[in-house]
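> With my numbering, letter number 95 in the first sequence gets 95, and the count goes up by one each step, no holes.
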Amino acid sequence: MKMKKTSDTYFRIWQTVKRIPKGKVTTYGEIAKRSGFPKQARLVGYALHHLPPGVNIPWHRVVNAQRRISFPPGNENYNRQKALLEREGVIIVKGKILPEKFIGKK
DNA sequence: AACATGACAGGTC
DNA sequence: CGACCTGCCATGT
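(1) Give me the Cβ distance between VAL17 and ALA32, rounded to the nearest whole Å; I'm assuming they're in contact under 8 Å.
(2) Alpha carbon to alpha carbon, how far is PRO52 from GLU100? Give it in angstroms, no decimals.
(3) Can you tell me whether MET1 is buried or exposed? The criterion is at least 16 other CB atoms within 10 Å of its CB, across all chains shown.
(4) If you drop the 5 nearest sequence neighbours on each side, which residues of the same chain put their C-beta closer than 7 Å to that of ILE13?
(5) Can you find a heavy atom of the ligand MN that lies under 7 Å from the Cβ of LYS101?
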């Protein structure tokens, strides 16, 4: 079966996101890098925006380089992601993810 | 084919 | 800490 509808680029990104350990978060840049696309963080964001239905992908474990949720505070998606993260034991103080739960630089 | 857009990153001021 | 600018790529019109 050749279901190549979606680009391999997104597929790879999704696979990478899938293997983020529970209780940890990482950045778009890291996902991009680990997927084989250094410096293409935007693609990760775009790929997640185009998430395939019916597939369980921990999109909530992906945040921006500033350790912040990439959604306007108060936004519905923001609250959803925050809830999912806290549910996994991730602590968020003043909108920032604690460094210990954060995978990436710094 | 050209142009605008986007769940970003990194650097400068 | 915030506002701006540049780089990078896939998508949609």
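Heads up, the beta-carbon is just placed ideally off N, CA and C, and yes, glycines get one too. The structure presented is a predicted model; accordingly, all values stated were derived computationally and were not measured.
Per the coordinate set shown:
(1) In fact, because the Cβ distance is near 11 Å, the residues do not count as touching under 8 Å.
(2) 30 Å
(3) Legend: pLDDT at MET1 = 49, less than 50; position of this residue unreliable, value from coordinates given subsequently. MET1 should be labelled exposed.
(4) ILE31, SER35, LEU43, VAL44, ALA47
(5) In the structure shown, the ligand MN is absent, as is every other ligand, since no ligand is present at all.
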